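Just so you know, the sequence shown maps onto residues 937 to 1196 in the numbering used here. Note that the Cβ used here is the ideal one computed from N, Cα and C, for glycine as well. This one's a predicted model, so the numbers in the text were calculated from it and none came from an experiment. Right, one structure below, let's go through it.
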Amino acid sequence: MGSKLPEYPVRMTPAASFDDLDAMDKALHYEIKVVSGNANLPLGRRIAQELDVKLTDADVKTFSDGEVFVSIKENIRGRDVFVIQSTCPPVNDNLMELLVIIDALKRSSARRITAVMPYYGYARQDRKAAPRVPITARLVADLIVAAGAHRVLAFELHAGQIQGFFNIPVDHMFAIPAFIEHLKGSKLLDNPDSLVIVSPDAGGMERARAFAKKLNASLAIIDKRRPAPNHPPVMNLIGDVVDKHVRLHRLLYSRASCHR
């Protein structure tokens, strides 16, 4: 009972240095991969060009019956993959394409999958605004997580609480710095008193206020009461816009046209 336990020599392993970790990373063939869906293929090519990487070869197509088919033509095992895919109109087609791409990457043993979504479809359905209606923004988040995404990179979400719908990390990016840099190169800021930032509704007031503060511009808001979705609203303007340059800070347009 009183005998001592045998002593064994303990070999101490030195802590790994940054050089060792870098060598280990290279040994694992760590490399960023960029995969683009069909929602905006030119954007995917441009992002890959800015990152100085080749756009990953992938076959993303639709069968005659409407089914989405995805085939990754390169080895992405153990790679960090970014999927560039907006869920813009046609929203359902692009959303399904995003989910199938993520599933294909997961089954190809990608180390981490990040869904890059410049536009988050169904974002306006983020709460129960009436009885017996869904919270579809949460449903979309659940679908993306279930498909196998490890991270989401979103831009200008309709409401910040959408980040809480995910149980994976969400990077919420804002476009205000880019707009400010663009406007600084124009003549509008020669006289900030002549510039007014207008929020088209109460929901956009916070962003419009931040925008106006950065530009030292005045602020106005449109009091909008919409009788039904996609119907012309009844509007009143709060603020002074007479003889001023107006910049309308709007997050989502449901019926607007885009002229290139």
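- Between the beta-carbon of A1090 and that of H1108 there is about 6 Å, and that keeps the pair under the 8 Å contact cut.
- Per DSSP, the beta bridge partners of H1181 are L1131.
- Close CB contacts of A1148 within its chain, under the 7 Å cut and outside five residues either way in sequence, are with I1133, S1154 and L1155 (chain order).
- Check the Cα spacing between H1181 and each of K1123, Q1021 and T998: the tightest is with K1123.
- Straight-line spacing of the CA atoms in E1003 and A1085 works out to 21 Å.
- Rounded to the nearest whole angstrom, the CA to CA distance from V1036 to P1105 is 20 Å.
- If you compare the alpha carbons of R1183, P1136 and Y1058 with that of L1173, the shortest gap goes to P1136.
- Excluding the 5 residues flanking it on each side, I1071 has same chain C-beta neighbours closer than 7 Å at Q1061, D1062, R1063 and K1064, in chain order.
- In the structure shown, D1107 falls within a strand segment according to DSSP collapsed to helix, strand and coil.
- Setting aside the 5 residues that flank it on each side, N1152 is surrounded in the same chain by P1128, each with a C-beta closer than 6 Å to its C-beta; the list follows chain order.
- Around the beta-carbon of K990, fewer than 16 other beta-carbon atoms lie within 10 Å, marking it exposed.
- Taking 8 Å as the upper bound for CB-CB distance, Y1058 and A1073 are in contact here, some 5 Å apart.
- A distance below 7 Å between beta-carbons, with the five flanking residues on each side excluded, links K1009 to the following residues of its chain, in chain order: D993, A994 and D995.
- With a cutoff of 8 Å on beta-carbon distance, F1102 and A1077 are scored as near each other.
- A check of alpha carbon separations from Q1021 across V971, L1125 and L987 identifies V971 as the nearest.
- Within the DSSP bridge table, the entry for K1160 names M1171 as partners.
- Contact between A1146 and I1098 does not hold, since the beta-carbon distance rounds to 18 Å and is not under 8 Å.
- Shortest Cα-Cα distance from M1032 to any of K1042, P978, Q985 and G973 involves G973.
- Taking the CA atoms as reference points, L1184 sits about 16 Å from L1125.
- Here the alpha carbon of A1114 sits roughly 23 Å from the alpha carbon of R1087.
- With respect to the C-alpha of D1016, the residue from L1041, G1100 and T998 having the closest C-alpha is L1041.
- Each of L987, P978, P1067 and A975 was checked against the Cα of E967, and the nearest Cα belongs to L987.
- Going by C-alpha positions, A1066 is about 19 Å away from A1138.
- As the crow flies, the alpha-carbon of D1001 is around 19 Å from that of A975.
- Close CB contacts of V1006 within its chain, under the 6 Å cut and outside five residues either way in sequence, are with V996, V1036, I1037 and A1040 (chain order).
- Here S1044 is near I1012, since their CB atoms are less than 8 Å apart.
- Burial is judged here by how many other beta carbons sit within 10 angstroms of a residue's own beta carbon; F999 has fewer than 16 and is exposed.
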